[in-house]
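Chemist: To convert, note that position 228 of the sequence shown is 243 in this note's numbering; the numbers rise steadily by one, no gaps.
By construction, the Cβ of each residue, glycine as well, lies at the ideal position given by its N, Cα and C atoms.
Attaching a single structure in structure tokens format; questions to follow.
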Amino acid sequence: MPMDLSPIDKAKFVAAKRAVDYVEDGMRVGLGTGSTAAWMVRCLGEIIREEGLNITGVPTSSRTADLARNVGINVISLDEAKWLDLTIDGADEFDADLNLIKGGGGALLQEKIVATASDRMIVIADVAKEVAALGAFPLPVEVIPFGWQTSKALIEETLVNMDVLGQNTTLRMNGDTPFVTDEGNYILDLHLRRISNARQLSLVMNQVPGVVENGLFLDICDVVVIGGGDGTVEVR
Ligand code: 5RP
Numbered sequence: 016m017p018m019d020l021s022p023i024d025k026a027k028f029v030a031a032k033r034a035v036d037y038v039e040d041g042m043r044v045g046l047g048t049g050s051t052a053a054w055m056v057r058c059l060g061e062i063i064r065e066e067g068l069n070i071t072g073v074p075t076s077s078r079t080a081d082l083a084r085n086v087g088i089n090v091i092s093l094d095e096a097k098w099l100d101l102t103i104d105g106a107d108e109f110d111a112d113l114n115l116i117k118g119g120g121g122a123l124l125q126e127k128i129v130a131t132a133s134d135r136m137i138v139i140a141d142v143a144k145e146v147a148a149l150g151a152f153p154l155p156v157e158v159i160p161f162g163w164q165t166s167k168a169l170i171e172e173t174l175v176n177m178d179v180l181g182q183n184t185t186l187r188m189n190g191d192t193p194f195v196t197d198e199g200n201y202i203l204d205l206h207l208r209r210i211s212n213a214r215q216l217s218l219v220m221n222q223v224p225g226v227v228e229n230g231l232f233l234d235i236c237d238v239v240v241i242g243g244g245d246g247t248v249e250v251r
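Put into structure tokens, the structure is as follows:
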């Protein structure tokens with residue numbers, strides 16, 4: 016384990032390291048995005064170097080692609096891979112049914128496509144990501160830049176019609192300008208506090224004109240590897 020890690024980084028590291036145990040020689044692996052996924056990519060690079068494994072990675076962002084190449088992982092696109100054995104990714108929240116909110120790092124679109132194209136999705140998370148109900152973390156919704164304010168107004172109107180009260184929606188910023196995803200889109204963060212019907216919300220959000228995808232990952236994750244600040248790991 017790297018020296019001098021904060022408890023949160025230690026939790027992310029131990030979860031990432033354990034998840035890499037699921038990777039076998041010859042696998043095509045989806046590589047998630049975020050600080051926890053970055054630990055996993057480094058750990059994967061290490062076992063490829065040390066054990067000489069033949070692993071191909073499909074990254075879910077340009078950031079992850081750069082890191083993966085730097086640590087010696089053979090990187091291909093999803094269209095080249097077509098189907099993946101496994102995806103390992105982080106999450107912003109997970110609940111008891113292993114449903115997730117993702118997209119805090121702005122890569123939810125590629126992450127959802129890659130995870131859906133995998134036989135198995137393993138989420139790596141520190142204990143703080145576990146919630147009784149999804150929604151305390153703002154739900155990211157990716158929208159195309161054209162008419163994004165109209166999409167935002169339609170989302171807000173839809174939430175009111177669904178009786179989701181006390182909500183507000185913010186455009187994610189990067190300093191003074193909108194945050195732009197790898198696909199050139201914007202992210203709207205929906206501050207909902209608690210999501211009572213995730214399935215309905217996900218369907219309805221994706222019907223709003225201009226919405227590309229939302230950060231609810233329902234029935235996609237198979238296993239969660241949870242790291243603790245004391246270095247313990249729990250697999251669910
Ligand atoms: C990126 C994501 C990340 O997996 C999520 O934001 C968790 O990030 P971190 O591991 O840095 O806490 O969904 O779009």
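(1) May I ask which residues mark the beginning and end of the beta strand (DSSP E) holding D104?
(2) Mind listing, in chain order, the residues whose beta carbon lies closer than 6 Å to a non-hydrogen atom of ligand 2?
(3) Based on Cα-Cα distance, which residue from R64, P160, D94, R214 lies nearest to V227?
(4) Kindly indicate which three-state DSSP category R43 falls into: helix, strand or coil?
(5) Do the CB positions of S77 and D197 come within less than 7 Å of each other?
(6) Roughly how many whole angstroms lie between the Cα atoms of E249 and M42?
(7) How about L99 and G45: are their beta carbons less than 7 Å apart?
(8) By alpha-carbon positions, which one of I88, N69, E66, G67 ends up nearest to M55?
(9) Under a Cβ-count criterion, where at least 16 other Cβ atoms within 10 Å of its own Cβ denotes burial, should P224 be classed as buried or exposed?
(10) Find the nearest neighbour of D36 within the set N85, L59, K27, judged by alpha-carbon distance.
(11) Check whether the Cβ atoms of A31 and I128 lie closer than 7 Å to each other.
(12) For A111, collect the residues of the same chain with a Cβ closer than 8 Å to its Cβ; drop the 5 residues on either side in sequence, then sort them by chain order.
(13) Assuming F109 contacts L101 under a Cβ cut-off of 8 Å, what Cβ separation, rounded to an integer in Å, is found between them?
Modeler: So, to answer that:
(1) 101-104
(2) As presented, the structure is devoid of ligand 2, carrying ligand 1 as its sole ligands.
(3) P160
(4) strand
(5) yes
(6) 24 Å
(7) yes
(8) I88
(9) Under this definition P224 is an exposed residue.
(10) L59
(11) No, these two residues do not count as a Cβ contact at 7 Å.
(12) Take A111, set aside five residues on each side of it, and the residues of its chain with a beta-carbon closer than 8 Å to its own are A147, in chain order.
(13) The Cβ separation is near 17 Å, so there is no contact.
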